[in-house]
Each structure stands twice: as structure tokens, then as C-alpha cells.
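See structure below.
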Amino acid sequence: MNAQIIYYSKYGSTKEIAHSIQEKLGAEHICDVRDLSDISADLLIIGSSIYKETSHKEILHLLKDNDRLKDKAVALFVVCLSRKLVKTPTRDVGGPVYLRQLEEALGRESIATQIFGGRMIPAEMEEEERIDTEINCKKRGMPFGDIDLINEQEVDEFVSIIKSGLKR
Ligand SMILES: Cc1cc2nc3c(=O)[nH]c(=O)nc-3n(C[C@H](O)[C@H](O)[C@H](O)COP(=O)(O)O)c2cc1C
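The sequence shown runs 25 to 192 under our numbering.
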């Protein structure tokens with residue numbers, strides 16, 4: 025299929041999910057947004073892992089680039105650990121908020137969206153980040169340790185929504 029997957033991944037879980045989407049969709053092109061040169065397909069699947077409640081700035085920058093994305097069908101995804109909406113006294117956080125940020129950057133309808141569960145393995149993290157994350161988890165009463173929420177069924181669902189969106 026003439027489709028291109030563009031993602032941001034730091035520790036590899038978003039890259040893994042992006043490659044699974046590529047395989048299941050039969051997309052021709054895939055790259056990390058930091059290596060993006062040409063946009064060569066009419067269907068783009070664009071996604072980011074979430075760090076500190078936000079998608080990577082280069083993904084947001086790309087979605088706001090109306091000239092580059094003109095006439096392209098776009099599907100959006102995020103990869104995170106807080107998949108559900110969480111209301112805090114100061115603001116809402118969680119998957120739906122992260123996805124809305126991408127939708128707002130795109131500024132028009134996407135053909136499909138998905139909130140994927142990601143993965144966190146403290147032993148693989150940069151030391152400073154691991155210490156920070158441990159402190160944050162303790163503060164919020166969240167468990168700190170290996171977490172793997174990657175679920176192939178979510179990829180299947182997303183790919184099938186993309187395919188049905190194309191038929192419309
Ligand atoms: C420093 C740090 C900050 C994170 N911040 C969030 C966050 O704000 N919300 C969330 O749901 N997940 C958060 N995560 C979890 C990541 O989104 C998750 O581990 C994701 O799978 C990482 O993707 P990657 O392996 O492609 O880099 C954070 C992880 C780290 C290490």
C-alpha cells in the first residue's frame with residue numbers, strides 16, 4: 025500500500041508498534057520523524073510516544089505543516105502508559121488528551137486514531153531520567169518497575185479502522 029508511517033520513539037516501543045502497523049497494513053515507507061526527508065505517500069500514519077504529557081515537538085511541527093500534508097489522508101496515534109483520561113485538580117491528562125493535542129496540531133479530521141499502551145523498563149532508561157521517573161511515580165502513588173502494555177490487538181483494530189476509512 026502507498027502509505028508512510030512516521031513516528032517518534034526514544035526507547036523503542038513506539039518503533040516496535042510502528043513496524044507492526046507497517047507489516048499489517050503493508051505500508052511501503054516507515055521512518056523516525058528525525059530521519060524524515062521525503063513525504064512520498066498519500067496516506068500518512070503519524071504517531072509519537074508521550075513524555076511529560078506531550079508528543080515530541082517534531083511530530084507536532086510536522087502535523088502543523090499544512091503545505092507538506094496537503095491532500096494527504098492522515099491517521100494519528102500516541103503511545104503512553106496513562107491510556108485513560110485522568111482528571112487532576114490543575115488539568116486533565118492521559119491518552120485522550122495526548123491524542124487531542126495531535127488532532128489540534130493537524131487541524132482537520134484524521135481517518136483513524138489510536139491510543140496504544142506502551143512499555144517502560146527502568147533498567148534501560150538514562151540514569152537521570154530513571155531517578156526522576158522513580159520520584160514522580162512515588163509522588164503520584166504509581167508503581168515503578170517494568171511495565172509492558174503493548175497489545176497486538178490494538179494494532180489490528182487500528183489497521184482495520186484505517187482500511188475502512190480508506191474505503192469511505
Ligand atoms: C521520563 C518519562 C516520562 C513519561 N511521561 C509520560 C506521561 O506523561 N504520560 C504517559 O502516559 N506516559 C509517560 N511515559 C511513558 C512512555 O510514554 C512509555 O514508556 C512509552 O512506551 C515510551 O515510548 P518509546 O519506547 O517509544 O520511547 C513516560 C516515560 C518516561 C521514561
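Note that the Cβ used here is the ideal one computed from N, Cα and C, for glycine as well.
- In the DSSP assignment, Thr-137 falls within the beta strand (DSSP E) that extends over 136-141.
- DSSP, reduced to helix, strand and coil, places Gly-50 outside both helices and strands of the structure shown, so it counts as coil.
- In the assembly as shown, Arg-107 is a buried residue. Its beta-carbon has 16 or more other beta-carbons within 10 Å.
- The criterion of a C-beta distance shorter than 8 Å is satisfied by Leu-49 and Ala-27.
- Of the candidates Val-57, Ile-69 and Ile-63, the residue whose Cα lies closest to the Cα of Lys-187 is Ile-69.
- Using a Cβ distance threshold of 8 Å, Gly-119 and Ile-139 count as a contacting pair.
- Distance from the C-beta of Thr-114 to the nearest heavy atom of ligand 1 is not below 7 Å.
- Taking 8 Å as the cut-off, the beta carbon of Val-102 is found closer than this to the beta carbon of Ser-72.
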